[in-house]
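Reading through the structure tokens given below for one structure.
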Amino acid sequence: MAEATIVRVNSLAAVSRDSANPPRASLAVLPDAAKLVFRGRPPSVGAAAEAFGVELPQTANRFSEAGPRKAYWLGPDEWLLEAIGQDSSELFSAMAERLASHSCSLVDVSHRSDSMEIRGPMSEYVLNHGCPLDLSERAFPIGMCTRTILGKSPIILSRTEREVFHLDVWRSFSPYVWLLLDDARREFLDDESARSPT
Amino acid sequence: MRYRLPAGGRIDRDKPMSFHFDGKKYSGFAGDTLASALIANGVHLVGRSFKYHRPRGIMSAGADEPNALVGVGNEESRYTPNLRATQVELYDGLVAESQNRWPSLSLDFSGANDLFSRFLPAGFYYKTFMWPASAWKKLYEPMIRRAAGLGRAPDAADADRYTQVYGHCDVLVVGAGPAGLAAALAAARSGVRVFVCDEQDQMGGSLLSEREATIDGQAAADWLEQTIQELKSRTNVVLLPRTTAFGWYPHNFLGLCERVTDHLGPAITKQPRERMWQVRAREVVLATGAIERPMVFPGNDRPGIMMAEAARTYANRYGALPGTRAVVFTACDGAYRAALELKSAGIEITAIADVRSNPNGRWIERARAAGIDVRPSTVVTGTYGRLHISHVDVARISGGSAGHPETFACDLLLMLAGFTPSVHLFSQSRGKLVYDEDLKAYLPGESVERERSVGGCRGVFDLSTSLADGFAGGLSAAKAAGGTVAAEHKFSVFAQSLGRDGFVGAPPSGGGSRRTRAWVDFQNDVTAKDIELATREGFRSIEHVKRYTTTGMATDQGKTSNMNALGIVSQTLALPVSKVGLTTFRPPYTPTTFGAFAGQSRGELFDPVRKTSIHEWARENGAVFEDVSLWKRAHYFPRPGEDIHAAVRRECKATRESVGIFDASTLGKIEVVGKDAAEFMNRMYTNAWTKLEPGRLRYGVMLREDGFIMDDGVVGRMSPDRFHVTTTTGGATRVLALMEDYLQTEWSDLDVWLTSTTEQWAVIAVQGPNARKVLEPLVQGIDISQQAMPHMSVQEGRICGVPTRLFRVSFTGELGFEVNVPMGYGRGVWEAICAAGREFGITPYGTETMHVLRAEKGYIIVGQETDGTVTPDDVGLAWAIGKTKKDFVGKRSLARPAMSRSDRKQLVGLLTVDPKIVLEEGAQVVADPSEPVPMTMIGHVTSSYWSAALDRSIALALVQGGRARIGSRLSVPMPSGPVTVEVVQPIFYDPEGKRLDG
Chain A
337 MAEATIVRVN SLAAVSRDSA NPPRASLAVL PDAAKLVFRG RPPSVGAAAE
387 AFGVELPQTA NRFSEAGPRK AYWLGPDEWL LEAIGQDSSE LFSAMAERLA
437 SHSCSLVDVS HRSDSMEIRG PMSEYVLNHG CPLDLSERAF PIGMCTRTIL
487 GKSPIILSRT EREVFHLDVW RSFSPYVWLL LDDARREFLD DESARSPT
Chain B
5 MRYRLPAGGR IDRDKPMSFH FDGKKYSGFA GDTLASALIA NGVHLVGRSF
55 KYHRPRGIMS AGADEPNALV GVGNEESRYT PNLRATQVEL YDGLVAESQN
105 RWPSLSLDFS GANDLFSRFL PAGFYYKTFM WPASAWKKLY EPMIRRAAGL
155 GRAPDAADAD RYTQVYGHCD VLVVGAGPAG LAAALAAARS GVRVFVCDEQ
205 DQMGGSLLSE REATIDGQAA ADWLEQTIQE LKSRTNVVLL PRTTAFGWYP
255 HNFLGLCERV TDHLGPAITK QPRERMWQVR AREVVLATGA IERPMVFPGN
305 DRPGIMMAEA ARTYANRYGA LPGTRAVVFT ACDGAYRAAL ELKSAGIEIT
355 AIADVRSNPN GRWIERARAA GIDVRPSTVV TGTYGRLHIS HVDVARISGG
405 SAGHPETFAC DLLLMLAGFT PSVHLFSQSR GKLVYDEDLK AYLPGESVER
455 ERSVGGCRGV FDLSTSLADG FAGGLSAAKA AGGTVAAEHK FSVFAQSLGR
505 DGFVGAPPSG GGSRRTRAWV DFQNDVTAKD IELATREGFR SIEHVKRYTT
555 TGMATDQGKT SNMNALGIVS QTLALPVSKV GLTTFRPPYT PTTFGAFAGQ
605 SRGELFDPVR KTSIHEWARE NGAVFEDVSL WKRAHYFPRP GEDIHAAVRR
655 ECKATRESVG IFDASTLGKI EVVGKDAAEF MNRMYTNAWT KLEPGRLRYG
705 VMLREDGFIM DDGVVGRMSP DRFHVTTTTG GATRVLALME DYLQTEWSDL
755 DVWLTSTTEQ WAVIAVQGPN ARKVLEPLVQ GIDISQQAMP HMSVQEGRIC
805 GVPTRLFRVS FTGELGFEVN VPMGYGRGVW EAICAAGREF GITPYGTETM
855 HVLRAEKGYI IVGQETDGTV TPDDVGLAWA IGKTKKDFVG KRSLARPAMS
905 RSDRKQLVGL LTVDPKIVLE EGAQVVADPS EPVPMTMIGH VTSSYWSAAL
955 DRSIALALVQ GGRARIGSRL SVPMPSGPVT VEVVQPIFYD PEGKRLDG
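These protein sequences, in sequence, are chains A and B.
Reminder that position 162 of the first sequence reads as 498 in this note's numbering, one-by-one numbering, no gaps.
Reminder that position 947 of the second sequence reads as 951 in this note's numbering, one-by-one numbering, no gaps.
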């Protein structure tokens, strides 16, 4: 009985299954990743970067990446470390060992959030249904990330390409976020009467 | 058609459209508004007035329309009341109806109000509906409610979809008339991001009705076309037609409502009906234009009496003639232009009555040359016609009063007292308005926000100056927004100036003002006489006059009436207008739908519905859910035929006798990590943490600075520098924010960091004497025997192959575990535990059973036993206060004498003498039920349940000096009468706690 394999359930599975996907703002669920929150002061930050293999940005609201790993600046002493396709326990143990001599905090939050992507020329417009930030490239360039809100949900938003944004959403909020974006992009299912607002 | 010109205008004669008004079928063309189509069909009577039910017609051609309010939509779910017919775009199949009439528009019984109008003076409501008080509920209120409001609210749910989107731009131009378009061109050419919004379906404002003027050598219409093409071709410009800027909020944040599909009719579309833009603009250019001001004269409200510029618009833009034979009453040159153009369109202009003693200039000369009878120093003193104007009395003024009138037959009376600049948005932005004596208008003065007004809304009316003003405003906005300022442009304009004359207030009229009625506010039926009466009764401030008479308080916010009302107050009090003041402009500029404000927040998107990873299992297994903050929690799991009581009784019994399983995943969780973690915990919680060993749990209590309980929860020490903190479900965010606040502002020296792990961990409570037997075969690397894992301990290992933090903890009083696993595995592990527990009859239970089980043990729930005024000692938690600790949040407040008074409300148990009675939660506790009401209340019931284990009711209560009353009897008044209760210790089941070890 103890050998039964426990399957990880993504809370976006149900809502993402049935949604139509207009190419001008397509939504996709991103694969599960190992996610750790690192918090600490300068000497340990360097050690964490070394242990993770990716530089921890010192500039506010920027993320850095190396291969399948990303480090998001979330605050002056807080980074979200993301490693796609890696087992979180292994990553946690490996990093914790190398940080053992430092006073800092490393917490596994791999199951706390789901990740999704919005892609296409109308991504900014669709995200602005609920996200009050200026998402133009001038104000929100590639490589930027921030905690913000989408409607009534907190999110972490990052821009990976000109027309691609990633959202990290706490899992109990992620169906709401998906449905809100899905509702906002509905107008692009109707290209005949759709008026491009930009 | 008699009233439709054979050619011209901006309607599409190749696209005829049919529509219904009050059940009758008419036809119009694409490009018509409902108002222009009705006028082209000779229909002017479109509504009844608010108070007197007077027949009313279309008066204007835009947002200022006070009379022509209609209900539109042929299905209840898409019906919109109170739309201005002048702004409703025609579509094929449109169905509209008039309002405020019964049984029909031409025969309306409430029209009797008009006959008794002298009994309905200003302040009528205040004067009449006073006594007797008993008449309020049965008579006055229903009467006022019936009379109030013009339209009828639809009673079906709105079938349309609405969205809200944030927009960001460098320059927002509000209004796309000549000044706005010039500003947009200037800003667009400067390379900044430009939004241009205009409330009409086509951009162009006054240019849409222009016949004569030329700009840069082109006809105005051609220049307009070319300008819009240029703006459209620029990628830095967003053009938003059909979009009303309705409100100005702090820091250049404007609300714009875009009507996306109304003009399409009930077409199938994926577009929202309306899109609310919330725009943050670096700079704003207001080019909101000006509104025509009516003349105030006796009988000025009949159908067929219309604003002169509106009539011009109907003829020039829509090819619709508002009449055949017109008299004009004016105080400015604008009416002459209208008269000349309407004359050339085929309307006979009988006479122009001009209050000015010596009107002169190019327009007057042209009117005279065209053979129009121009009469200076002349006023209209009365009108005739029941449902449409038929005659008008015109008299010459001499010595300040009107002489003997001459009567003219007509079917159209045009009026124009001048133009009132639309300063609504400027005023909303808190800018100061300044009265211009010369123009007789309030104009924008000093700005508060980063904005500038251009064109008509700041009194720059002529086309040439307006274009230049707009362009300069656009350049200055672009510059302020950091753009590369484009080249200057000098417009070469041919257009005859309309001058700056105008009239505010009521010109002298024949017959004395006391017996005649000259309307000032058409929508709220306020006359010049009402305003004069208000001033006679002592109201001097315009704010008081407004509220007493209701002038300017209708849905049009006094667009056509405010200035005339001010003028009349100024005339009666012999004070300059600027001393009378001006009422405040408030959003929205025009009525805005609830749908637009609600946006996407309806149905499943009204609020996020937070669900745990075990939620679906609970749903599939028949759980009834309850809302706990944004979470859905399983309340109970009824089996077929069971009500809540039966289900909870069964769930309680199963848990006490064998084993129950409960989803506690919604508990807030915070990981507190760092070498100073224990010190931080010492400061945040009342308890002492330093000596808590890794692998052990402790129940923690957190206070606010005032010493009252804020939150509680079980805390596990995972290692010397790592705590796994749990909070209440509703308190998670609050607690994390408070902790972070202290760390950042008070204790930045501590090496400790916080991370929310609420959603990282699913929590499965397995409770009951057989709990260990259920879990034993599932865990790996954890010895869960009594010796290795006593009550209040924690171990890390694996369960069903996934990582776990296994807590040995009980909120039921039974042997219990809380299995923490990564959230995504929650359901899988839950199902595995259920399978393993089948042989023990494992029973899922909900929050109700959890509440009963903990109440039997006297465990408090923060927010139920506490209400923000309860100290730890009040609820028997004095033991949780670390007595030797130097400090913790709330410690100092606990030392105040009032916090240790013996008569504070204290937690006790209550047992009803009749064990079958279950008290009501929230019921008051009294010592003497024979006391007259209101009795002396000494406490209240906080929790009350039927206890299956005790086979009787139990209750917890906060009672003054409660602990000293244990053993005595008190009384709880209930709807059925007072219930006698015995005060007992707040613990009903297993007081020795033997069952915690199974």
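Ideal Cβ placement from N, Cα and C applies to all residues, glycine included.
- In this structure S426 of chain B is buried. Its beta-carbon is surrounded by 16 or more other beta-carbon atoms within 10 angstroms.
- The Cβ atoms of L754 of chain B and V893 of chain B do not sit closer than 9 angstroms to each other.
- Taking all protein chains in view, the Cβ of Q791 of chain B is surrounded by fewer than 16 other Cβ atoms within 10 Å, so the residue is classified as exposed.
- Residues of chain B whose Cβ lies closer than 8 angstroms to the Cβ of W415 of chain A do not exist, since the nearest Cβ in that chain is about 11 angstroms away.
- Closest option to L779 of chain B, judged by alpha-carbon separation, among B:I846, B:R738, B:S948 and B:K494: B:I846.
- Restricting attention to B:A271, B:A681 and B:N774, the CA atom closest to the CA of L747 of chain B is found in B:A681.
- As for any beta strand (DSSP E) of minimum length 3 sitting wholly inside the region 839-924 of chain B, the runs are 909-916, ordered along the chain.
- Using a Cβ-Cβ cut-off of 7 angstroms, K488 of chain A is close to D611 and P612 of chain B, given in chain order.
- The beta carbon of E401 of chain A sits closer than 8 angstroms to those of V390 and A407, all from its chain and outside the five residues before and after it, given in chain order.
- L503 of chain A is classed as buried because its beta carbon has at least 16 other beta carbons within 10 Å across all chains shown.
- At least 9 angstroms separates the beta-carbon of R329 of chain B from that of W367 of chain B.
- Remark: three or more beta-carbon pairs, one from each stretch, lie closer than 8 angstroms, so the region 356-374 of chain A and the region 417-431 of chain A are flagged as touching.
- Note: W506 of chain A is bridge-paired with A:S449 in the DSSP secondary-structure output.
- Its Cα nearest to that of E924 of chain B, the residue B:L914 stands out among B:S108, B:L914, B:A34 and B:A931.
- When only Cα atoms are considered, V581 of chain B and G509 of chain B end up about 10 angstroms apart.
- With fewer than 16 other CB atoms across the displayed protein chains lying within 10 angstroms of its CB, E433 of chain A is exposed.
- Here DSSP, grouped into helix, strand and coil, assigns H548 of chain B to helix.
- Scanning A:R398, A:A436, A:W514 and A:E523 for the CA closest to the CA of S451 of chain A turns up A:W514.
- Residue ranges of uninterrupted beta strand (DSSP E) with 3 or more members, entirely inside the region 347-401 of chain B and ordered along the chain, are 352-358 and 382-388.
- Linking P644 of chain B to G664 of chain B through their CA atoms gives a straight-line distance of about 19 angstroms.
- Using a CB distance cut-off of 9 angstroms, W693 of chain B does not count as an interface residue toward chain A.
- Within the same chain, and ignoring the five residues on either side of E80 of chain B in sequence, the residues whose Cβ sits closer than 7 angstroms to its Cβ are P158, D159 and A160.
- Beyond the five residues adjoining it in sequence on each side, P511 of chain A comes within less than 8 angstroms, by CB distance, of S347, L348, A350 and V351 in the same chain, given in chain order.
- Taken in chain order, the members of the region 754-768 of chain B whose beta-carbon sits within less than 9 angstroms of a beta-carbon on chain A are D755, V756, W757, L758, T759, S760, T761, T762, E763, Q764, W765 and A766.
- Shown here, G75 of chain B sits in a strand according to DSSP, grouped into three states.
- In the DSSP annotation of this structure, P773 of chain B is not part of any beta strand (DSSP E), being labelled neither H nor E.
- Cβ contact annotation for S362 of chain A (same chain, cutoff 6 angstroms, sequence separation greater than five): R455 and G456, in chain order.
- One Cα belongs to V783 of chain B, the other to W765 of chain B, and the distance between them is close to 17 angstroms.
- DSSP places N566 of chain B in no beta strand (DSSP E) but in the uninterrupted alpha helix (DSSP H) bounded by N566 to L577.
- Think of a sphere of 8 angstroms around the beta carbon of G171 of chain B: the chain A residues whose beta carbon falls inside it are N464, in chain order.
- In the structure shown, Y322 of chain B falls within a helical segment according to DSSP collapsed to helix, strand and coil.
- The Cβ atoms of L420 of chain B and I309 of chain B lie no closer than 9 angstroms to each other.
- Chain A places no beta carbon closer than 9 angstroms to that of Y689 of chain B, leaving this residue out of the contacts.
- With a cutoff of 9 angstroms on beta-carbon distance, G466 of chain A and L435 of chain A are scored as not near each other.
- Of all residues in the region 444-461 of chain A, the ones placed with a Cβ closer than 8 angstroms to any Cβ belonging to chain B are D444, V445, S446, H447, R448, S449 and Y461, in chain order.
- The CB of V806 of chain B comes closer than 7 angstroms to the CB of I342 in chain A, given here in chain order.
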